[in-house]
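Novice: This note's numbering applies: residue 15 is where the sequence shown begins, and numbers increase by one.
Quick reminder that beta carbons are idealized off the backbone N, C-alpha and C, glycines included.
Owing to the predicted nature of the structure, the values given are computational and were not obtained by experimental measurement.
Quick one: the structure is below, questions incoming.
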Amino acid sequence: MNELLDEMEQALSDLLQAGLASAGPEAAGRLRTLARQGEQAGLHTGAQLLEEVAADLEARAHRMQKDDQALTDRICRAGRYLALCRQRWQEEAIRLRWQGRS
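So, in structure tokens, the structure goes:
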């Protein structure tokens, strides 16, 4: 699970670091692949958020005027969700280790 969360976070980080103007169709494809993997892993909300970011990126490519506020908000929301998932995953790992020592 940690590897998947790492990949998802890296994809979102790459979008913000490289800039949305340089995000091509491969970025949307990468997000859709990660969304499918997330869905299979049980991260249904995360998968939906990544799908929405991918759809926004694809739609952005076909607009003359770029208003990136909604897309940026969606990327930030997805990033926050992934951070919460990671925290929960770590708490569960700690709990399981603690129970194993009892």
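#1: What did DSSP end up calling residue 76 once you bin it into helix, strand or coil?
#2: Helix, strand or coil for residue 22, going by three-state DSSP, please let me know.
#3: Would you call the CB atoms of residue 63 and residue 92 closer than 7 Å?
#4: In angstroms with no decimal places, state the Cα-to-Cα distance between residue 33 and residue 111.
#5: How many whole angstroms separate the CB atoms of residue 84 and residue 70, which I take to be in contact at a CB cut-off of 8 Å?
#6: Figure out for me which residue from 79, 78 and 41 has the closest Cα to the Cα of residue 66.
#7: Take residue 86 as the anchor and find which of 30, 56 and 76 has the nearest alpha-carbon.
#8: In this structure, does DSSP put residue 56 in helix, strand or coil?
Specialist: With the structure as the only source:
#1: coil
#2: helix
#3: yes
#4: Each residue's alpha carbon lies about 41 Å from the other.
#5: 7 Å
#6: 41
#7: 30
#8: coil
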